[in-house]
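Participant: Numbering of the sequence shown is given in my numbering, commencing with residue 476 and proceeding in unit increments.
Beta carbons are placed, not taken as given, at the ideal position from N, Cα and C, and that holds for glycine.
This structure is a prediction, so every number in the text was calculated from the model and none was measured.
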Amino acid sequence: MRSKVKTIVSSGLVAGTLDITAAILIYSVILHKTTAEKILRSIASGIFKKEAYTSGLEMTFLGLGLHFLIAFIFSWFYFKIFPYIPFFKINTFLSGITYGFFIWVVMNLIVLPIVFPVLPEKNLDFALLLSILIVIFCVGIPIAFITRKYYAKWY
């Protein structure tokens, strides 16, 4: 990766694609808990509330766009903080795990409760652990490795 923008965009695209693919495969295809469309509409509902479920197909695409926007923001943030956190330069895999867990905490304990004041209680169970693992392996680790590749020429 030669450019900062290409690094951020590619890490956001990879993380966003892996994350949404894992969510759809696991929750729609394997566990049969929901559909891909409902997953994307639920993302759109963060902004459009109930309208996301009653409007047309555009809400599905808006949900997908919002999902990638969030992935790009987390990619950009990691890229910006990378030079200032020595641990990130030492072990990329552990950095990705740490950052993935950080993302899960931010999204599930800060963002979602603000956007949706009434959420189901979180219990330490398979579903919770699965959601954490998806974010770690599909978002945190790819962002860490792609960003590390850019900074490798500096460190």
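DSSP three-state label for Asp600, please.
Facilitator: Asp600 falls in the coil class under three-state DSSP.
Participant: Within 10 angstroms of its Cβ, does Val610 collect 16 or more other Cβ (buried), or is it exposed?
Facilitator: Val610 comes out buried.
Participant: If Gly531 sits next to Arg516, beta carbons under 8 Å apart, how far is it from one beta carbon to the other, in whole angstroms?
Facilitator: Contact doesn't hold; Cβ gap of about 11 Å is too wide.
Participant: Distance, Cα to Cα, Met476 vs Ala511?
Facilitator: Only weak support is given to the placement of Met476: the predicted model assigns it a pLDDT of 47, under 50, and the question is left unresolved by the model.
Participant: Between Phe549, Phe563 and Val614, which lies nearest to Arg623 when the distance is taken from Cα to Cα?
Facilitator: The shortest Cα separation from Arg623 among Phe549, Phe563 and Val614 belongs to Phe563.
Participant: Have a look at Leu584, Ile548, Glu526 and Ala602 and flag the residue whose alpha-carbon is nearest the alpha-carbon of Ser485.
Facilitator: The candidate whose alpha carbon is nearest that of Ser485 is Ile548.
Participant: For the segment 509-554, list the beta strand (DSSP E) runs that are entirely contained and at least 3 residues long, ordered along the chain.
Facilitator: Runs of the beta strand (DSSP E) inside the segment 509-554: none found.
Participant: Between the alpha carbons of Met582 and Ser478, how many angstroms are there, rounded?
Facilitator: Spanning the two alpha carbons is a distance of roughly 28 Å.
Participant: Quick one: what does DSSP say Met476 is sitting in, helix, strand or coil?
Facilitator: Any reading at Met476 must be qualified, since the residue scores a pLDDT of 47, below 50, and its modelled position is unreliable; no value is offered.
Participant: Hey, Ser550 and Trp579: beta-carbon distance below 8 Å or not?
Facilitator: Contact flag unset, no.
Participant: Near Trp629, which residues of its chain fall below 8 Å by C-beta distance, leaving aside the five closest residues on each side in sequence?
Facilitator: Once the five neighbours on either side are set aside, the close Cβ partners of Trp629 are Pro558.
Participant: Do Gly487 and Phe552 count as a contact pair if the criterion is CB distance below 8 Å?
Facilitator: Their beta carbons are not under 8 Å apart, which means Phe552 does not touch Gly487 by this criterion.
Participant: Quick one: residues in its chain with C-beta nearer than 6 Å to the C-beta of Ile495, no 5 flanking neighbours on either side, listed in chain order?
Facilitator: Cβ within range, chain order: His542.
Participant: For Phe577, report the span of its alpha helix (DSSP H) as first-last.
Facilitator: From DSSP, the alpha helix (DSSP H) with Phe577 extends over Thr567 to Val580.
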